[in-house]
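A.B. asks:
There are 2 protein chains.
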Amino acid sequence: MKKKSAIIVGAGLVGSLWAIYLAKAGYKVDVFEMRGDIRKADIAAGKSINLALSDRGWRALGQVGIEEEIRKIAIPMRGRIMHALDGTLTFQPYGKKGQAIYSVSRGGVNARLMEAAESAGTVEIHYHHKCIGADTQEGIAWFEHTKTGASMSFQADLIFGTDGAFSAIRYKAMQKLDRFNYEQRYISDGYREILLPADADGSYKLDKNALHIWPRGRFMLIALPNEDGSFTCTLFMPFEGGENSFEQLRTKEQVDVFFKKTFPDFFELMPDIGEKWGAHPLSSLAIIRCYPWSNGRALLLGDAAHATVPFYGQGMNSGFEDCRILGDMMEEYQENWAQIFKAFQQERKPNGDAVQDLSLHNYYVMRDYVADPRFLLQKKIEARFSERYPDKWMPLYSQVTFSHISYADALKVGMRQDEIIKEVMKEVVDIEQRWDSDEVEALILKKLKIKV
Amino acid sequence: MKKKSAIIVGAGLVGSLWAIYLAKAGYKVDVFEMRGDIRKADIAAGKSINLALSDRGWRALGQVGIEEEIRKIAIPMRGRIMHALDGTLTFQPYGKKGQAIYSVSRGGVNARLMEAAESAGTVEIHYHHKCIGADTQEGIAWFEHTKTGASMSFQADLIFGTDGAFSAIRYKAMQKLDRFNYEQRYISDGYREILLPADADGSYKLDKNALHIWPRGRFMLIALPNEDGSFTCTLFMPFEGGENSFEQLRTKEQVDVFFKKTFPDFFELMPDIGEKWGAHPLSSLAIIRCYPWSNGRALLLGDAAHATVPFYGQGMNSGFEDCRILGDMMEEYQENWAQIFKAFQQERKPNGDAVQDLSLHNYYVMRDYVADPRFLLQKKIEARFSERYPDKWMPLYSQVTFSHISYADALKVGMRQDEIIKEVMKEVVDIEQRWDSDEVEALILKKLKIKV
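Protein chains in written order, with the numbering used here: chain A, -15 to 436; chain B, -15 to 436.
#1: Assign M314 of chain A to one of three DSSP states: helix, strand, or coil.
#2: Is the beta carbon of S343 of chain B less than 9 Å from the beta carbon of P294 of chain B?
#3: Please report how far the alpha carbon of S214 of chain B lies from the alpha carbon of I65 of chain B, in whole angstroms.
#4: Assuming L432 of chain A and K376 of chain A make a contact with CB atoms under 8 Å, what is their CB distance in whole Å?
#5: I want to see whether chain B comes within less than 9 Å of Y166 of chain A, judged by CB atoms only; does it?
#6: DSSP puts I153 of chain B in a beta bridge; with which residues?
#7: Counting pairs of beta carbons, one from the stretch 184 to 203 of chain B and one from the stretch 261 to 275 of chain B, are three or more of them closer than 8 Å?
#8: When burial is assigned at 16 or more other CB atoms within 10 Å of the CB, is E366 of chain A buried or exposed?
#9: List the residues of chain A that D162 of chain B touches, going by C-beta distances under 7 Å, in chain order.
#10: Taking Cβ positions, are L179 of chain A and C217 of chain A nearer each other than 9 Å?
#11: Just to confirm the assignment, what range does the beta strand (DSSP E) spanning H196 of chain B have?
#12: Taking 9 Å as the threshold (beta carbon to beta carbon), is Q159 of chain B in contact with chain A?
#13: What does a CB cutoff of less than 6 Å around G30 of chain B pick up in its chain, not counting 5 residues either side in sequence?
#14: Quick one: which chain B residues come within Cβ less than 7 Å of Y175 of chain A?
#15: Looking at the structure shown, is I116 of chain A part of a helix, part of a strand, or coil, going by DSSP?
#16: How about the stretch 391 to 410 of chain A and the stretch 307 to 326 of chain A: do they share at least three Cβ pairs that are nearer than 8 Å?
#17: Just mark F243 of chain B as buried or exposed, buried being the case when its beta carbon has 16 or more other beta carbons within 10 Å.
#18: List the residues of chain A that Y391 of chain B touches, going by C-beta distances under 9 Å, in chain order.
#19: Straight-line CA distance for V436 of chain B to L429 of chain B?
#20: For chain A, check one thing: does any of its Cβ atoms lie closer than 9 Å to the Cβ of R154 of chain B?
#21: With burial defined as no fewer than 16 other Cβ atoms inside 10 Å of the residue's Cβ, what is the status of A28 of chain A: buried or exposed?
#22: Mind pulling the chain B residues with CB within less than 9 Å of Y170 of chain A?
#23: For R372 of chain B, count the other beta carbons within 10 Å of its own beta carbon; 16 or more makes it buried, fewer makes it exposed. Which is it?
#24: Output yes if chain A places a C-beta closer than 9 Å to the C-beta of F223 of chain B; else output no.
#25: Is DSSP giving V48 of chain A helix, strand or coil here?
#26: Identify, in the order they occur along the chain, each residue of the same chain with its Cβ nearer than 7 Å to the Cβ of D249 of chain B, setting aside the five sequence neighbours on each side.
#27: Would a check of beta-carbon distances place F150 of chain A closer than 9 Å to chain B?
#28: Does DSSP classify Q121 of chain A as helix, strand or coil?
#29: Contact defined as beta carbons within less than 8 Å: I believe A(-5) of chain A pairs with I153 of chain A. What is the distance between those atoms, to the nearest angstrom?
#30: Please classify A44 of chain A as buried or exposed, where buried requires at least 16 neighbouring CB atoms within 10 angstroms.
#31: Just verifying my parser: in three-state terms, what is the DSSP assignment at W126 of chain A?
#32: I'd like to confirm the pairing. Which residues does DSSP put opposite A207 of chain A in its beta bridges?
#33: Residues in its own chain within less than 7 Å of D21 of chain B by CB, not counting five upstream and five downstream?
#34: Quick one: is S278 of chain A buried, meaning 16 or more other Cβ sit within 10 Å of its Cβ, or exposed?
#35: Taking the straight line between their C-alpha atoms, what separation do you get for A118 of chain B and D141 of chain B?
#36: Can you name, in chain order, every residue of its own chain whose Cβ lies under 6 Å from the Cβ of R23 of chain B, other than the five neighbours on each side?
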């Protein structure tokens, strides 16, 4: 029996993309969004928030023919540029020649996905509809209109919760179910965005085709390019504790002193940082884990199921991959949704967990290690080996960013690779001199044979 | 400025005891309970659920003069009696001579605490009041009367959430606060209660002054005495997976076969187990962790803050200890509640975590090890040493059950003790023969000196 109508709660990135998938499979889709239409918002959509789109995301977009449309607003970033305290810049390519991750504006992508969904003909997006509950068994969802206060209910064969980290569907209709595991865990760091404007002539103040990082041990600043010549920068730092924490940056003077001292090259580019400090709020960062992701006719997707901290740039990409895999399963199981939900959550839960573990891991790497000589040596050994034996060794970052290997497998392989190089660095005397020797290569090959 | 009125949400064990503490300190207290008055319930209060009260609980009761009242309904259990498959019984004392834990009925204790609270003169308990939200900053709580459907609000200087593992205060008023960490984690086992009635003449079918355990590896049955000659027994077992799981016990026949085979001596005492199987529901078990426990004028206590699985018998005891320590702080900080809340959660959070870690640890011990010869040898070595050097070594179980050492410290010391004996068992050849030798004793003394 085919089920042909669906409710999607949340018209964000994942909800809008999933609406396209469902429409292409012949479903009548009602999407409910708590906020207004992002395309009509006063503030230029997504000017201040950008995300890194990579291969998994592109593939999911490609599968429903929307890839080219998004390419138009995507800026390739071919590597990281590290900004040392003394102003020295170091470039680390993300992958091989031709590989890049892409800076896109959240609002820009969202708007294009909504347009594509609406043009599919069977998708209707309802704005200002706040989900206030659902009956997952009956496929009923209740909403309150945030402008009129009116309550209403909708019924469909399927309900998809794509309403983000603080999903109403999850909170109202799933959290209280017996044996529903749930965790919201905040990290001790917060973030604040800073818009570094374009030069007067519209040109970029920093190299456009890179992600910029100012790693400073326990905290860091990053910058991603926007289409208009500006960069959206984000400072990640502990909320409290120690001199380098947000609680120590309360006045314009404190902000100025802090930036002059810790990000001098950035301060030169943006000497009015002290005045602009309050333009964006101080925000928190959390990981959300839960299971099961489905109940009755309802399924959680994207952040609603597995929100992560942003340090691997895989939040959107993993949500888009959810859509691609769910789309594949829709065909594979011929729309037997009980089977699809079961198979989907069994396959994707370990990958949601892995994205979170990877994100936390990369946070420590970006923060603590990217400026550490031992770490850089480890990366050099790995890069050399991987270049010579590309079939035997794909670096973890490439597995995650430029492949479609499952996140869980990537994490496992990556941890093993890390172990191997660390062992080699311990076992080889004078590794600093001999890191590119045949001996090192042979040792890695031996270790790969034994244990992988 | 003294604050003199309080709302308590939940009239369970911790809420009722805390009401007594507040009343004695001069507060006007309104307690709101979702259910009806347990003292007027149709089913004899607490006949089917009993708990193990131990020293921490007694001390908290003693501090407000209710200890003697509860002693009247408490049955001492001086140790565990293990029931082997072949019917062999083994007795393991819980502590030293004179030490015991006490089987009490949940309903019986709850009723007496409510009576004591009401007799204090300034406590009013409102039944059928379901909490539907709260403003923790303003000290306002909203309720719906479950009989009339009427909504109402109450305001007080303080709000205490003692409404258990699935606390409405926590869910409605705290979970969505920024940087509120929360986790509900179900274990893969469920439980079902079984009432083993008294003999026709009212006498006990098993030794009354012990906690009975039938350890069977991946699952176990336990029994605690009730005042009327019956025992409340609980089967803990995985919900699904394998032949010994609840999903395999669906028919009377399956239940009979299972009990005959795995608990033959119990089956003899209760040959109608198959008919009685459905008398109590199959229930799940979860650990709840959250932080912070306070916001504005509201504080979570007991299960609402740190619900645990029941395997150390410390759920009620740790909740009662919350009351005692909060009572002490109320004096120490002279009712400066902002300071009290801060100090309380900082001190008690690591202990709430430790109770949960201890409970899970003891679950594995009860389930997997109590019948293991290596484990029993370890316990023998430990008991001998502890008897000879009581000032140097208090067994973990005694620290938790018969002392007032913080749970977190007990856990730390206990883990170190476990390590020491395991090291000794590895290092001493023929430990089975020489477990009570001077050599072993000297080795333990040496290890204690070095690392503790």
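The C-beta atom is built at its ideal place from N, Cα and C for all residues, glycine as well. Bear in mind that the values here come from a model prediction, so they are computed numbers and not experimental data.
C.D. replies: By the coordinates alone:
#1: M314 of chain A: helix per DSSP, three-state reduction.
#2: S343 of chain B is a Cβ neighbour of P294 of chain B, given a cutoff of 9 Å.
#3: Straight across, the Cα-Cα distance linking S214 of chain B with I65 of chain B is about 17 Å.
#4: With a Cβ gap of about 6 Å, L432 of chain A and K376 of chain A count as contacting.
#5: Answer yes: the Cβ-Cβ gap between Y166 of chain A and chain B drops below 9 Å somewhere.
#6: Per DSSP, none; premise fails for I153 of chain B.
#7: Judged by Cβ distances under 8 Å, the stretch 184 to 203 of chain B makes no contact with the stretch 261 to 275 of chain B, as fewer than three pairs qualify.
#8: For E366 of chain A, the number of other beta carbons within 10 angstroms of its own is at least 16, and it is reported as buried.
#9: S268, listed in chain order.
#10: Yes, these two residues count as a Cβ contact at 9 Å.
#11: Segment 195 to 199, the beta strand (DSSP E) holding H196 of chain B.
#12: Yes, Q159 of chain B lies at the interface with chain A (some Cβ there is under 9 Å from its Cβ).
#13: Confidence at G30 of chain B is low in this model, with a pLDDT of 41, below 50, so the placement of that residue should be treated as unreliable; the coordinate-derived value is given next. The beta carbon of G30 of chain B lies closer than 6 Å to those of S89, R90, G91, G92 in the same chain, with the five residues before and after it left out.
#14: Annotation: Y175 of chain A has no Cβ neighbours in chain B at a cutoff of 7 Å; minimum Cβ distance is about 13 Å.
#15: Three-state result, I116 of chain A: strand.
#16: No contact exists between the stretch 391 to 410 of chain A and the stretch 307 to 326 of chain A.
#17: Around the Cβ of F243 of chain B, a 10 Å sphere holds 16 or more other Cβ atoms; the residue is buried.
#18: Within chain A, no C-beta atom comes nearer than 9 Å to that of Y391 of chain B; the closest sits roughly 22 Å away.
#19: Unreliable positioning characterises V436 of chain B in this predicted model, as indicated by a pLDDT of 44, which lies under 50. A coordinate reading is not provided.
#20: Judged by the 9 Å Cβ criterion, R154 of chain B is not in contact with chain A.
#21: Model confidence at A28 of chain A stands at a pLDDT of 47, short of 50, so the residue's coordinates are unreliable and nothing is read from them.
#22: The contacting residues are D162, R163, F164, N165.
#23: It is exposed - the Cβ of R372 of chain B has fewer than 16 other Cβ atoms within 10 Å.
#24: Yes - at least one Cβ of chain A is within 9 Å of the one on F223 of chain B.
#25: Coil.
#26: Cβ neighbours of D249 of chain B beyond the five flanking positions: H67, G71.
#27: With 9 Å as the cut-off, F150 of chain A counts as an interface residue toward chain B.
#28: It is coil, neither helix nor strand.
#29: Between A(-5) of chain A and I153 of chain A the beta-carbon gap is near 14 Å, outside 8 Å, which marks them as no contact.
#30: Counting Cβ neighbours within 10 Å, A44 of chain A comes out buried, since at least 16 surround it.
#31: When DSSP states are grouped into helix, strand and coil, W126 of chain A belongs to the strand group.
#32: Partner(s): A:H196, A:C217.
#33: Excluding sequence neighbours, D21 of chain B sits near Y111.
#34: Classification of S278 of chain A: buried, given that the 10 Å Cβ count is 16 or more.
#35: Rounded to the nearest whole angstrom, the CA to CA distance from A118 of chain B to D141 of chain B is 13 Å.
#36: Taken in chain order, the residues that qualify are A95.
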